[in-house]
Amino acid sequence: MAVKFTFESQTEIYYMLKALNQTQWCVENGLLEMDRKSLKGFQTLRKKFADFALANP
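Numbered per UniProt numbering, the sequence shown spans residues 1 to 57.
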């Protein structure tokens, strides 16, 4: 399944990646809980978005 992201600026990309990373930090530090299926989906989305951000400097 292809994921398409559309953003108006690099700033929006930066803040989206920052939000995903902060959410991951909260999960890792026990401040936010997700069931396994949701966590796997979130981590997949985070990885795909990070790849997208790196491909669009």
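Using N, Cα and C, we set each Cβ at its ideal position, and we do this for glycine too. Here the structure is a predicted model, which is why all the values come from computation and not from measurement.
Quick check: what's the CA-CA separation for F49 versus Q43?
Straight-line Cα distance between these residues: approximately 10 Å.
Enumerate, from N- to C-terminal direction, the unbroken alpha helix (DSSP H) stretches of 4 or more residues contained entirely within the segment 1 to 47.
List check, alpha helix (DSSP H) in window: 10 to 28.
Could you give the distance in angstroms between the alpha-carbon of K40 and the alpha-carbon of E12?
Whole-angstrom Cα-Cα distance: 24 Å.
Between R46 and Q24, how many whole angstroms is the CB-CB distance? I'm expecting something under 8 Å.
Correct: roughly 6 Å between the Cβ atoms.
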